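Trainee: For the sequence shown, numbering that gives the first Met the number 0 gives the first residue as 0, with consecutive numbering after it. Cβ atoms here follow ideal geometry from the backbone N, Cα and C, with glycine treated the same way. Bear in mind the structure is a predicted one, so any value in this text is a computation, not a measurement. Please find one structure pasted underneath; my questions will follow.
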Amino acid sequence: MADLTIRNLTATPLELKVVERFEGHPVSSKGTSQGNFTSRITGIFNSSSVAPHVQPQGDVRDRKEVMIPIGKFETRETDIRAADPGREVLRLTFESDGHRYQIDAPSSSPRCSVAKKLDDGPNEYTCVYVQSGSCLAIFSSAHLSSWMNQLHSDYPLTALSIPGTHNSPTCHVALPSVRCQAVNVREQLDNGVRFFDIRVSVNIDNSDLSLVHSAFPISLTGNKYFHDMLKDVYAFLDANKSETLIMSVKREGTGRGTDHHLSKYLKERYCNDGTKWFTKSYIPKLGEVRGKIVLLRRYANDPVLDGENGGTGFGLDCSQWPDNCADEMTGSGIARVQDFYDVDQSHNVQKKIDLVRGHLERAGEPVYNHRDAPPEYKPFFVNFLTASNFFNANCWPEKIAAKVNPAIIEYLCLRHGAIGKGPAGLAIGDARTGIVVTDWVGQGGDWDLIRCVVGWNAKLQLKAVVCLR
0 MADLTIRNLT ATPLELKVVE RFEGHPVSSK GTSQGNFTSR ITGIFNSSSV
50 APHVQPQGDV RDRKEVMIPI GKFETRETDI RAADPGREVL RLTFESDGHR
100 YQIDAPSSSP RCSVAKKLDD GPNEYTCVYV QSGSCLAIFS SAHLSSWMNQ
150 LHSDYPLTAL SIPGTHNSPT CHVALPSVRC QAVNVREQLD NGVRFFDIRV
200 SVNIDNSDLS LVHSAFPISL TGNKYFHDML KDVYAFLDAN KSETLIMSVK
250 REGTGRGTDH HLSKYLKERY CNDGTKWFTK SYIPKLGEVR GKIVLLRRYA
300 NDPVLDGENG GTGFGLDCSQ WPDNCADEMT GSGIARVQDF YDVDQSHNVQ
350 KKIDLVRGHL ERAGEPVYNH RDAPPEYKPF FVNFLTASNF FNANCWPEKI
400 AAKVNPAIIE YLCLRHGAIG KGPAGLAIGD ARTGIVVTDW VGQGGDWDLI
450 RCVVGWNAKL QLKAVVCLR
């Protein structure tokens, strides 16, 4: 067995104090067979569909007191033998500022959890154990409903690591090729998602916008509408004033309305409340948009809206969106996109995984300097983990997500922000992830991928001490 590696991806120093070793017994979660226990990843809060869980049994077999300090954003290789897969559990006790926290690696829990507090410690730690790398990655991403509260208001949104969902409201009973999400939009928001990808069908004589995925409605039981979804978003933002949501809106479906119809409907009916929407054409700072929805438009405005906002237009302009691309800029230069989606065979999924990793590395290279930054710090790095093929059941969204999501969790835990471990060997800047757009998160309580993305914002907390005094 390999020795344990620990990555402290938080803004607080840690010290490993106690290592206890237990006999472990694999336990299956609902819908998970014993045959799935050969999965590569085990998590402290992991997916019941792709990862094993191991329950400690009996008394501790071995206990050792140690003193292994792990600094902020430090990776520490230890001489502690990692747990024998499926047969052992390591119980690790860490100390930070005099308080102790306990973690099992791997864990028996199929749902998101945080390290157990052994006293009244103020910090919250969430962790992923990557079995293939014998690595425990520790994040400070426990408060998913209000994670932006920890970030300085002066940061532009492009400096953040932002989790998102593709075809965000498609959680309803629908064709397997249409459904992309496991849970509804409010649950996504409560668990940290801050970028929504919305597709609407537009009519000529009616401003009701039905939610669609390509030509299909998102529910087999009747149309779902944009205005109803907004009620859930508004309720969340009213309850979480520190947060913002970037909403990408695109016209699809069978309606005969044009982009121009859509732009006028949004301006006149939906986005005209400045207390709820940010519709200017520049990339805002976080403090400008807390409690609001930021409109990112993947449609062309009607010319009548060209005079909005001092002649700069209405909304962030991503109307010239590159199609099926590996790495291209939008026409406006606001976003740099990886959106390769045309996976025609299941073995091509590896190509998709490689493209996602490459874009994560590119997103992590730039360095944001508060004092020297231009008025618009851009671009957004938008990285779609999603792909599908209507004619191939092995390439429907859920099947693709079952392969891509765990691979990207592994990358974020083992290689992201680590010198020389990215696909192209680029320099390590702020190690942001950019906007990471996913399918099928939250299934069975699995928010690992969201937590990993949110967790990388801790690097900004370190910069804040230097740049924002």
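Taking Asn-222 as the reference, give the member of Ser-200, Lys-230, Gln-54 with the closest Cα.
Mentor: For Asn-222, the nearest C-alpha among the options comes from Ser-200.
Trainee: Any idea what DSSP makes of Ala-136, helix, strand or coil?
Mentor: DSSP places Ala-136 in strand when its eight states are reduced to three.
Trainee: Would you grab the beta carbon distance between Ser-213 and Glu-251 for me? Rounded to a whole angstrom, and I think it's under 8 Å.
Mentor: Confirmed, Cβ separation roughly 6 Å.
Trainee: Find the nearest neighbour of Gly-444 within the set Gly-419, Glu-364, Asp-189, judged by alpha-carbon distance.
Mentor: Among Gly-419, Glu-364, Asp-189, the Cα nearest to that of Gly-444 is on Asp-189.
Trainee: Using the Cα positions of Ala-400 and Asp-438, report the straight-line distance between them to the nearest angstrom.
Mentor: The alpha-carbon atoms of Ala-400 and Asp-438 are separated by roughly 6 Å.
Trainee: Nearest to Arg-289 by CA position, among Gly-332, Lys-240, Tyr-264, is which residue?
Mentor: Checked all of Gly-332, Lys-240, Tyr-264; the closest Cα to Arg-289 is Lys-240.
Trainee: Please state whether DSSP places His-358 in a helix, a strand or coil.
Mentor: The answer is helix: DSSP assigns His-358 an H, G or I state.
Trainee: With 16 other CB atoms within 10 Å as the buried threshold, where does Ser-131 fall?
Mentor: Exposed, since its Cβ has fewer than 16 Cβ neighbours within 10 Å.
Trainee: Using three-state DSSP, classify Pro-365 as helix, strand or coil.
Mentor: Pro-365: coil per DSSP, three-state reduction.
Trainee: What is the DSSP secondary structure of Asp-58, counted as helix, strand or coil?
Mentor: Looking at Asp-58 - three-state DSSP - the assignment turns out to be strand.
Trainee: Do you know offhand how far Asp-58's Cα is from Arg-20's?
Mentor: Asp-58 and Arg-20: Cα-Cα distance of roughly 9 Å.
Trainee: With DSSP collapsed to three states, give me the class of Asp-316.
Mentor: Strand.
Trainee: Mapping DSSP to helix, strand and coil, what is Phe-235?
Mentor: It is helical.
Trainee: Classify Glu-242: buried if its beta carbon has 16 or more other beta carbons within 10 angstroms, exposed otherwise.
Mentor: That one is buried.
Trainee: List the whole-angstrom C-beta distance separating Arg-297 from Cys-317, where the pair is believed to meet the contact cut-off of C-beta under 8 Å.
Mentor: With 8 Å as the limit, Arg-297 and Cys-317 qualify as a contact, their Cβ atoms being about 5 Å apart.
Trainee: Kindly indicate which residue of Cys-451, Asp-207, Thr-220, His-369 has the alpha-carbon position closest to the one of Gly-256.
Mentor: The shortest C-alpha separation from Gly-256 is found at Asp-207.
Trainee: Would you mind sorting Asn-148 into buried or exposed? The rule is 16 or more other CB atoms within 10 Å of its CB.
Mentor: Exposed, since its Cβ has fewer than 16 Cβ neighbours within 10 Å.
Trainee: When the Cβ atoms of the stretch 158-171 are set against those of the stretch 123-140, are three or more pairs found closer than 8 Å?
Mentor: Not touching, per the Cβ criterion.
Trainee: What are the boundary residues of the beta strand (DSSP E) that includes Tyr-410?
Mentor: No beta strand (DSSP E) contains Tyr-410, which is instead part of the alpha helix (DSSP H) from 396-413.
Trainee: In the DSSP output, which residue or residues are listed as bridge partners for Ala-104?
Mentor: Paired residues: Leu-89.
Trainee: To which residues does DSSP link Gly-120 through a beta bridge?
Mentor: None, per the DSSP bridge assignment.
Trainee: Hey, how far is the Cα of Asp-258 from the Cα of Val-436?
Mentor: C-alpha separation (whole angstroms): 24 Å.
Trainee: Name the residue from Tyr-367, Leu-384, Arg-198 whose alpha carbon lies nearest to the alpha carbon of Thr-253.
Mentor: It is Arg-198 whose Cα lies nearest to the Cα of Thr-253.
Trainee: Just how far apart, CA to CA, sit Phe-313 and Gly-23?
Mentor: Rounded to whole angstroms, Phe-313 to Gly-23 spans 58 Å at the Cα level.
Trainee: One question on the structure: do Val-17 and Thr-77 come within less than 7 Å of each other, judged by their Cβ atoms?
Mentor: No. Outside cutoff.
Trainee: Run through DSSP, which three-state label would Gly-443 get?
Mentor: Helix, per DSSP.
Trainee: Helix, strand or coil: which one does DSSP assign to Cys-126?
Mentor: In this structure, Cys-126 counts as strand in the three-state DSSP scheme.
Trainee: Are Phe-225 and Val-177 touching if we call contact CB-CB under 7 Å?
Mentor: No, they are not a contact pair.
Trainee: Smallest Cα separation from Ala-238: which of Thr-4, Ser-144, Phe-138?
Mentor: Considering only alpha carbons, the answer is Ser-144.
Trainee: Since Leu-384 contacts Ile-407 with CB under 8 Å, what's their CB separation in whole angstroms?
Mentor: Rounded, the Cβ-Cβ distance is 6 Å, consistent with contact.
Trainee: Output the residue ranges of the alpha helix (DSSP H) runs that lie fully inside the stretch 249-292 and measure 4 residues or longer, sorted by chain position.
Mentor: Correct list: 258-264, 285-288.
Trainee: For Asn-301 and Ser-262, which I take to be in contact (beta-carbon distance under 8 Å), what is that distance rounded to the nearest angstrom?
Mentor: One detail in the question is off: residue 301 reads as Asp in this sequence, not Asn. Correct: roughly 5 Å between the Cβ atoms.
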